[in-house]
Amino acid sequence: MNYSNQWLTAFLISTLCLTGCSRSDGDTLAAAETASSDKVSSVKGASGSEPVEADPVVLWDFENKKLPQSIKLENANGRLVSAGNGQALRLQLQTKAHYAASFTFAADKSWDWSNLGNFAFALDIDNAQRSSVHLYVKAFDGDGRLHSRSFVVPEQSQNTYYMELKGPDLSVVTGIRSNPPSWNSAYQDIIFRHGEKQLDVSAIERIEFSVVGVLEDKTLTIDNVRLIKPETLDQNYLKGLVDQFGQNAKMEFANKVHSVEELRDYSGEELAELRHTPLEGRSRFGGWAEGPKQKSTGFFRTEKVDGKWALVDPEGYLFFSTGIANVRLANTSTITGYDFDKAKVPQRTPGDLTPEDSLGLNRVPDAAVPTREVSSPLRADMFTWLPEYDAPLGQNFGYRREVHTGAIEHGETFSFYRANLQRKYDIADEEKLMAKWRDTTVDRMLSWGFTSFGNWIDPDYYQMDRIPYFANGWIIGNFKTVSSGNDYWSPLPDPFDPLFKERAYITAAQIAKEVENSPWCVGVFVDNEKSWGQEGSTASQYGIVINTLSRSAKESPTKAQFVQLMQDKYGEVAKLNSAWNIQLQGWDSFAGGVALSDFNDAMIEDFSTMLEHYTGQYFKIVREAVKHYMPNHMYLGARFADWGMTPEVRRAAAKYADVVSYNYYKEGVSDKFWHFLEEIDRPSIIGEFHNGALDSGLLNPGLIHASSQADRGKKFAEYMNSVIDNPYFVGAHWFQYIDSPLTGRAYDGENYNVGFVSVTDIPYTPLVNAVKEVNENLYQRRFGDSAVGDGKANR
């Protein structure tokens, strides 16, 4: 797939300077044959049309006989192969044996692309395999700033993919995690993830493509790596996005609803097929009724059975938790672009236990409605319809007093999902509508073969006594905090502050009040995805310690603890100075604050001790609080993100949590990442995973990309089976039940196709069918003919 027209020599020379590619024999742009070639696109885009590129700048077309030296491979092999009437680069990514594999376009000297105007980095990719490939893309500039994106290459496909690096969209704050494409192009845009949207395009250092956390090797063929300019820009790409049902108004897709009658027809067909009891062969609580029975205690607990950790249900049956998290309406609302007089909106009160993103709709008082006005025209123009406040569907307006990220700091919200529930059930009464929603949801869980809910379930499900669930809470308050240096959601608590303990007990008391000692409660998660630290560098792994050491012990209880630990170890400050290679006048200097940037082995050993001491105190206090009010229920930790945990934190959690919990967004679990499970040897659970696709009408597949709804089901099965086969895991929970709003959830703009149901509450049938098959074979695959365990119970 190469290009074949003539370029003017003068333009080619300027291109060479522009791209900064080296002129070695192995570098395509330096080769004499390239100097006489004009590379103009002739590759068909996604729509099958012939896109026209305005003066593309070809970087690599692989027509040389050697691999370009500027392309760096890690855990990958590359070779030139025939492609069409030319050559392309075939890459074998060795991801079965390695956690990650990558190919990187690296500049010997920074690339200066500043005179191109609006442009994107593009390449052609051929995937001949029968499985899709999810690629992560990172671009770095000379200041080390990161621009991160990702995309999926569908199975058995050929296409062109582009990553916009300069353009007007990159400067617009929309409140959507990834915007719709602003380019009019038949090519596939690469989805934005995080980082700096606007890099210094006069000093681009490298662009890296990687595959991470998959269970099989991947093979791709790439060609025609180039810089392209947009033919035209869509000036209205952010306007009129959302129709009256909350769907994408600008495209058609399977099961798109066009009328209330159509919505009700879909619903009637589904409801007629739902079951109301667990699958055959399962206990009342969803355990393996046909398997070996253990000791029954009346509540859930853990036990090791034939070398495999397991949950045991209240009746003594082996139990594996498979289910869906975030079954609540709190995250179904989106910012509308309207606001009210702040004085008429009730603000947070002291002692409030619920974070803003976990509230219900939180509608403003009627007295505030007359003050409604547009606060963000950009957001308001995204909607083709919103109801009047006094109309029946006006019940679905809400309010957020604060957001994590977005176009505005606070404002009105609307839940299209709840509005669609009203439409399809024709129920206006709040209590009756929510009762119908809960009954249907539980029927779905049982029909799809799930054994439980996951985290973040509306507490109104707690006393239904139909399916096990996991309770949750958050410890919030005015206690002191510490920082890891990368506090994504919020700073971390200072567990040595007495106020933290007080708030932990208040939180546990509230959870206990909601659970009412129910045997249907598997256990309790407290807090979520805290930024404990990340392996990779001393600064990132021990950020909590390093940042806290710079503070005064007079204002930081954790710093005071660190001072005491070092005094107990070294006695004299001179010994600390010698070990750390620093010069302090005395322990008072250490207590006052010490800035550290150069680290030696002695420091790192002490940092590790301090980090484990700090995290141990956190988990100790939370466990004590949970057990004080809920002695019959398990404490399940704080659900680590894979980007926010270290060995010290995991060891601390293992000492106090009955089950250690992790959120892991990859395509499967394997020893390439999870080797530490054998070391800590504790029952573990996946609190979150998911995938999504663009054929849903949404703008972002989610954290893991699939090529279609059918591919979502395939990836679900691969992930779940890898968990079921791991002897340390006792369950895994999908995040989440309902798709994110098209224009982003109100709190942080997530706009993912990660639901089992759409905004119109219609299940994704290909995904559901795959899930049913996995769940039907769940216990036989996990335990087979397991004999009775050793009787060592843990609770």
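Residue numbering for the sequence shown follows the working numbering, starting at -18 and increasing by one per position. Backbone N, C-alpha and C fix where the C-beta goes; we use that ideal spot for every residue, glycine too.
- The residue from F670, G318, I527 and L759 with its alpha-carbon nearest to that of V735 is F670.
- Within the DSSP bridge table, the entry for Y380 names E393 as partners.
- Here S521 has Q515 as same chain residues with Cβ atoms under 6 Å from its own Cβ, once five neighbours each way along the sequence are excluded.
- For I492, the uninterrupted alpha helix (DSSP H) run begins and ends at P479 to V496, by DSSP.
- A check of alpha carbon separations from F86 across V134, S95 and S191 identifies S191 as the nearest.
- Under the DSSP definition of a beta bridge, W269 partners with R263.
- For V554, the uninterrupted alpha helix (DSSP H) run begins and ends at V554 to W561, by DSSP.
- Take the alpha-carbon of T155 and the one of G227: they are about 17 Å apart.
- Between the stretch 471 to 480 and the stretch 273 to 290 there are fewer than three C-beta pairs closer than 8 Å, too few to call the two in contact.
- Residue ranges of uninterrupted beta strand (DSSP E) with 3 or more members, entirely inside the stretch 587 to 652 and ordered along the chain, are 641 to 644.
- Q68 places its beta carbon 8 Å or farther from that of N58.
- Here S703 is actually not in contact with V755; their C-beta atoms are around 11 Å apart, not less than 8 Å.
- Between M615 and V640, the beta carbon gap of about 6 Å places them in contact (Cβ cut-off 8 Å).
- Counting only runs of at least 3 residues, the stretch 201 to 281 fully encloses no beta strand (DSSP E) element at all.
- The DSSP-derived three-state label of V749 is helix.
- Remark: C-beta atoms of I305 and Q717 approach each other more closely than 8 Å.
- Secondary structure note for R763: its alpha helix (DSSP H) is the uninterrupted segment L759 to F764.
- Secondary structure at F321: coil, using DSSP grouped into helix, strand and coil.
- Non-local C-beta neighbours of R763 in its own chain, meaning closer than 7 Å and more than five positions away in sequence, comprise F301 and I705, ordered along the chain.
- Of P664, H714 and W269, the smallest CA-CA separation from G765 is found for W269.
- In the three-state scheme derived from DSSP, where H, G and I count as helix and E and B as strand, M144 is classed as strand.
- With a cutoff of 8 Å on beta-carbon distance, I171 and R130 are scored as near each other.
- Between the beta-carbon of I316 and that of R360 there is about 6 Å, and that keeps the pair under the 8 Å contact cut.
- Secondary structure at W655: helix, using DSSP grouped into helix, strand and coil.
- Taken in chain order, the whole beta strand (DSSP E) runs of length 3 or more contained in the stretch 666 to 732 are 710 to 716.
- Of the other Cβ atoms in all chains shown, fewer than 16 fall within 10 Å of the Cβ of D333; this residue is therefore exposed.
- A direct Cα-Cα distance of roughly 8 Å separates V505 from G618.
- Straight-line spacing of the CA atoms in A560 and A583 works out to 6 Å.
- When the alpha-carbon of L201 is set against those of Q110, I209, Y142 and V195, the nearest one is in Q110.
- Taken through DSSP and simplified to helix, strand or coil, P476 comes out as coil.
- For E284, the secondary structure class from DSSP, reduced to helix, strand or coil, is strand.
- For Y450, there is no enclosing alpha helix (DSSP H); the residue is part of the beta strand (DSSP E) that begins and ends at Y450 to G454.
- For V192, the enclosing beta strand (DSSP E) has its first and last residue at I185 to V193.
- Counting C-beta pairs closer than 8 Å gives three or more between the stretch 93 to 110 and the stretch 132 to 151, which meets the contact rule.
- Rounded to whole angstroms, R282 and G297 show a C-alpha spacing of 9 Å.
- Annotation: D478 to E261 spans about 51 Å, alpha carbon to alpha carbon.
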